[in-house]
Amino acid sequence: MIKIVHAADLYRRPVLAASMFRDRALQFKDRLQWGAIETDDMGLEFDQYDELNPIYVIIEDENGQHACSARLLPTTGRTMLREHFSDLTGGVDISSPLIWEVTRLCLAPKEADGISPRRAPAALFWAGCDLALRSGVEFFVAVYFSHMQRVWKMGGFAPEVLGTRDTPDGEICCGLWEITPAFRDMLAERSGLAGRNALQYFPSEARFPAAPRFPADVTVSRLATAA
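If you count by numbering that gives the first Met the number 0, then the sequence shown holds residues 0 to 226, one letter each, in order.
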């Protein structure tokens, strides 16, 4: 099962929440050894952006624990891209009600509900696209290490690369995905979820009211000219 949940509602699923933050610590601090990662006394990893009531897309295993997840934040507020990686966009400030930032993509080494680790990124993006389309969002943006570009390409959903730079941990990229119904349906096929009742808005869809349509934002056109 894939759950879409606000941070403010994570207390309703304490096992799922704790296992997600624990898996994030295992991936980002222990395995990848990112220097900026901090954990609490319980071995859980969360940062200042988790305090902004983001939306989490979480694949839940049969025991109610975390298998894979990603975090979504509107670019009209604080984002990691603006505050730490703005050089990747050529100085263009990505701030638009049409664009959400995707961060903290985390994968636990196990399967959940028949979704293999190879298909998990497509499953997360499929669920995120479902939410984005009902919310009037047209683009996802993310910063990731360049090796993930192969994952996106293998899944058939490689983004437009806006910029790259080298870091001590490797090359990083900023990518932009356009969200459309066709893109969502393709991800459903790629993830093996087409026709399955695999998505739950938690605790209910009423917690995710559809947003009004906003006029086209100048930020997107500026990105095109800056590329």
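Cβ atoms here follow ideal geometry from the backbone N, Cα and C, with glycine treated the same way. No experiment lies behind these values; they were computed from the predicted model shown.
**Message:** For residue 22 and residue 40, I'd like the C-alpha separation in whole angstroms.
**Reply:** 15 angstroms
**Asked** Taking the C-alpha atoms as reference points, what is the distance between residue 46 and residue 189?
**Response** 31 angstroms
**C-alpha distance - residue 125 paired with residue 140, whole-angstrom precision** = 15 angstroms
**Asked** At which residues does the alpha helix (DSSP H) containing residue 6 begin and terminate?
**Response** Residue 6 -> no alpha helix (DSSP H), and no H or E assigned at all.
**Request:** Figure out for me which residue from 83, 106, 183, 77 has the closest Cα to the Cα of residue 99.
**Result:** 77
**Request:** Return the residue from the list 105, 134, 201, 79 that minimises the CA-CA distance to residue 122.
**Result:** 105
**Asked** Enumerated in chain order, which unbroken segments of the alpha helix (DSSP H) with a length of 4 residues or greater are wholly contained in the stretch 5-93?
**Response** 13-23, 79-83
**Prompt:** On the premise that residue 0 lies in contact with residue 68, defined as a C-beta separation below 8 angstroms, what is that separation, rounded to the nearest angstrom?
**Reply:** Residue 68 to residue 0, Cβ: 13 angstroms. No contact.
**Request:** Could you please give the first and the last residue of the uninterrupted beta strand (DSSP E) stretch that includes residue 150?
**Result:** No beta strand (DSSP E) holds residue 150; the alpha helix (DSSP H) holding it covers 147-154.
**Message:** Can you give me the C-alpha to C-alpha distance between residue 44 and residue 52, rounded to a whole angstrom?
**Reply:** 16 angstroms
**Item:** residue 16, buried or exposed, once every other Cβ within 10 Å from all chains shown has been counted against 16
**Value:** buried
**Asked** Does DSSP classify residue 207 as helix, strand or coil?
**Response** coil
**Asked** For residue 13, which residues of its own chain have a beta-carbon under 6 angstroms away from its beta-carbon, when the five flanking residues on both sides are left out?
**Response** none
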